[in-house]
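J.: Numbering (the numbering used here), first residue to last: 1 to 397.
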Amino acid sequence: MGRVLVIGAGGVSTVAVKKMAMNADVFTEIMLASRTKSKCDKIAADIKNIQIQTRQVDADKVDELVSLFRSFQPDLVVNLALPYQDLSIMDACLQYGVSYLDTANYEPLDQAKYEYSWQWAYQEKFREAGLTAILGCGFDPGVTGVYTAYAAKHHFDEIQYLDIVDCNAGDHHKAFATNFNPEINIREITQRGKYYEDGVWKETDPLSVHQPIHYPEVGPRESYLMYHEELESLVKNFPTIRRARFWMTFGQEYLTHLRVMQNIGMTSIKPVLYKGVEIVPIQFLKAVLPDPGELGENYTGETSIGCRIRGLKDEKELTYYVYNNCSHQAAYKETGAQGVSYTTGVPAMIGAKLFLQGVWKKPGVYNTEEFNPDPFMKELNEQGLPWHEQFNINIEL
Ligand code: NDP
Numbered sequence: 001m002g003r004v005l006v007i008g009a010g011g012v013s014t015v016a017v018k019k020m021a022m023n024a025d026v027f028t029e030i031m032l033a034s035r036t037k038s039k040c041d042k043i044a045a046d047i048k049n050i051q052i053q054t055r056q057v058d059a060d061k062v063d064e065l066v067s068l069f070r071s072f073q074p075d076l077v078v079n080l081a082l083p084y085q086d087l088s089i090m091d092a093c094l095q096y097g098v099s100y101l102d103t104a105n106y107e108p109l110d111q112a113k114y115e116y117s118w119q120w121a122y123q124e125k126f127r128e129a130g131l132t133a134i135l136g137c138g139f140d141p142g143v144t145g146v147y148t149a150y151a152a153k154h155h156f157d158e159i160q161y162l163d164i165v166d167c168n169a170g171d172h173h174k175a176f177a178t179n180f181n182p183e184i185n186i187r188e189i190t191q192r193g194k195y196y197e198d199g200v201w202k203e204t205d206p207l208s209v210h211q212p213i214h215y216p217e218v219g220p221r222e223s224y225l226m227y228h229e230e231l232e233s234l235v236k237n238f239p240t241i242r243r244a245r246f247w248m249t250f251g252q253e254y255l256t257h258l259r260v261m262q263n264i265g266m267t268s269i270k271p272v273l274y275k276g277v278e279i280v281p282i283q284f285l286k287a288v289l290p291d292p293g294e295l296g297e298n299y300t301g302e303t304s305i306g307c308r309i310r311g312l313k314d315e316k317e318l319t320y321y322v323y324n325n326c327s328h329q330a331a332y333k334e335t336g337a338q339g340v341s342y343t344t345g346v347p348a349m350i351g352a353k354l355f356l357q358g359v360w361k362k363p364g365v366y367n368t369e370e371f372n373p374d375p376f377m378k379e380l381n382e383q384g385l386p387w388h389e390q391f392n393i394n395i396e397l
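#1: Does DSSP put L356 in a helix, a strand or coil?
#2: Evaluate contact between the region 37-52 and the region 365-379, counting only Cβ atoms and requiring at least three cross-stretch pairs below 8 Å.
#3: Suppose only complete runs of 3+ residues qualify. What are the beta strand (DSSP E) ranges in the region 201-245, listed by chain order?
#4: How should V143 be labelled, buried or exposed, when 16 other C-beta atoms within 10 angstroms of its C-beta is the threshold for buried?
#5: Check whether the region 344-361 touches the region 181-196, counting contact only when three or more Cβ pairs, one atom from each stretch, lie closer than 8 Å.
#6: If you measure between the beta carbons of W387 and V322, is that distance less than 8 Å?
#7: What is the rounded straight-line gap between the Cα of W201 and the Cα of Q95?
#8: In terms of alpha-carbon separation, which member of G145, D46, H155 lies closest to E317?
#9: Hey, would you say G138 sits closer than 8 Å to T103, going by beta carbons?
#10: Between L162 and the rest of its own chain, which residues show a CB-CB distance below 6 Å, the 5 nearest in sequence each way excluded?
#11: Which residues does DSSP list as the beta-bridge partners of W247?
#12: Considering only C-alpha positions, which residue in the set F126, P375, D140, P290 is nearest to L354?
#13: Pick from H214, N325, P292: whose alpha carbon is nearest that of A9?
#14: Tell me which residues share the same chain as K18 and place their Cβ nearer than 6 Å to its Cβ, disregarding the 5 neighbours each side in the sequence.
#15: So, helix, strand or coil for A92, using DSSP?
#16: To the nearest angstrom, report how far apart N79 and I89 are at their CA atoms.
#17: What are the start and end residues of the alpha helix (DSSP H) that includes V66?
#18: Can you determine whether any heavy atom of the ligand NDP sits closer than 7 Å to the C-beta of N394, and answer yes or no?
#19: Y274: buried (16+ other C-beta within 10 angstroms of its C-beta) or exposed?
#20: Return the first residue and the last residue of the beta strand (DSSP E) that E302 is part of.
#21: Where in the region 255-283 do unbroken runs of the beta strand (DSSP E), each at least 3 residues long, occur, reported from the N-terminal end onward?
#22: Between V365, L397, S341, which has its C-alpha nearest N168's C-alpha?
#23: Have a look at the DSSP bridge pairing and note the partners of M31.
#24: Which residue marks the beginning of the alpha helix (DSSP H) containing F376, and which one marks its end?
#25: DSSP three-state label for K333, please.
#26: Tell me which residues share the same chain as S71 and place their Cβ nearer than 6 Å to its Cβ, disregarding the 5 neighbours each side in the sequence.
#27: Using the three-state DSSP reduction, which class does F126 fall into: helix, strand or coil?
#28: Can you tell me where the alpha helix (DSSP H) holding C40 begins and where it ends?
#29: Between F126 and V365, how many whole angstroms is the CB-CB distance? I'm expecting something under 8 Å.
#30: Bridge partners for K194 per DSSP, in chain order?
#31: What I want to know is whether the C-beta of P292 ends up closer than 7 Å to one or more non-hydrogen atoms of the ligand NDP.
#32: Considering only C-alpha positions, which residue in the set Q329, L289, P290 is nearest to E297?
#33: Kindly indicate which residue of T28, R3, S34, D25 has the alpha-carbon position closest to the one of V12.
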């Protein structure tokens with residue numbers, strides 16, 4: 001049915017490509033291209049039912065991308081490299097004429113700044129070219145947008161309060177490791193907190209606001225308010241929202257390591273000169289930290305991510321919680337990757353599948369909540385990320 005080109009060969013890509021191969025009736029031709037071809041070959045070697053083509057590409061270079069697109073002629077390009085590559089890949093998609101999907105919004109390399117403005121600026125260009133760009137199609141962002149759209153469509157007349165709660169109750173048995181790309185992860189966590197209330201964005205010191213939240217099957221976990229990119233699109237697309245916040249759990253051990261690394265300058269994105277060579281501390285740190293893709297084997301426990309929503313239905317107040325729990329071990333057994341890569345890679349595959357089927361396809365640049373949530377929710381149940389609903393409970397927030 002469709003030819004898909006996946007760019008990037010890390011943890012998320014490992015899961016997405018393996019899941020695409022499990023849906024080979026839709027993904028009839030798959031090419032995997034990344035900076036390091038041997039990583040593509042390793043993923044391809046595990047897949048037996050269809051042949052995956054592999055290539056080397058530098059996704060910062062538009063010309064290289066365009067000639068790769070010309071040779072493979074994809075129907076969709078799935079960007080599972082890093083957020084730094086979003087704009088060069090979108091430019092190449094426009095130049096060649098192919099639709100686009102990613103899981104994280106663009107960030108400039110020299111500025112830890114998260115906003116959709118850069119990618120939303122492509123709206124007219126994609127619309128005029130008759131191409132679709134699906135932004136942020138992982139779990140958060142991604143499924144959290146679909147959950148919110150589903151709640152708005154089926155359960156609420158008016159969504160007023162939205163809290164996205166992200167718990168990783170897993171244990172990888174390392175003193176310190178990040179669950180996805182360490183550079184992106186640490187940049188995200190060390191920024192100032194931010195949430196939306198009554199039409200304005202309010203800032204907090206990094207990780208300064210926290211409280212215990214109860215997660216299903218997990219129990220209470222200290223959860224920290226932080227800024228997360230989907231808040232920006234959700235308050236725009238659901239203007240009745242009065243307050244939108246994002247919470248993530250961290251263990252004390254993790255926070256202590258992070259604080260030490262910050263205090264000694266290891267998380268800085270400003271280059272320093274070392275023996276005549278310019279190095280960026282956080283990039284060096286990434287090189288010495290465990291590879292998130294290798295954490296799976298000894299990872300126990302589960303993730304629990306969902307949306308807690310308060311609003312009105314038939315003029316009465318309603319509370320609603322929709323969530324998924326994902327076992328690291330089950331994810332590893334199925335795909336060789338841990339739960340955080342799994343919860344991101346599966347939705348990326350589903351978004352790509354719905355695009356190729358013509359279900360999530362419209363000219364322009366869109367976040368996940370701007371599409372029909374129903375087919376995506378159905379696929380989540382069938383592809384390994386089943387969801388659960390609770391109504392009129394104490395949502396704690
Ligand atoms: P990894 O660091 O494991 O993988 C990134 C891959 O991209 C690597 O294979 C890397 O190549 C490749 N790459 C980097 N730069 C280039 C380049 N210039 N040209 C070609 N390839 C390049 O990251 P993850 O798999 O953990 O994450 C992938 C994406 O998913 C990230 O954007 C991340 O922010 C996002 N994400 C989204 C989540 C969500 O819920 N929405 C949650 C988790 C992650 P090399 O192997 O040579 O380094």
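Positions of the beta carbon are idealized from the N, C-alpha and C atoms, including for glycine.
In this text, all values refer to a predicted model and were calculated from it rather than measured experimentally.
T.: So, from the data block:
#1: helix
#2: no
#3: 210-215, 219-225
#4: buried
#5: no
#6: yes
#7: 36 Å
#8: H155
#9: yes
#10: I241, A244, I309
#11: V165, L225
#12: P375
#13: P292
#14: T335
#15: helix
#16: 7 Å
#17: 62-72
#18: no
#19: exposed
#20: 302-313
#21: 272-274, 277-279
#22: S341
#23: L5, Q53
#24: 373-382
#25: helix
#26: none
#27: helix
#28: 37-45
#29: 5 Å
#30: E203
#31: yes
#32: Q329
#33: S34
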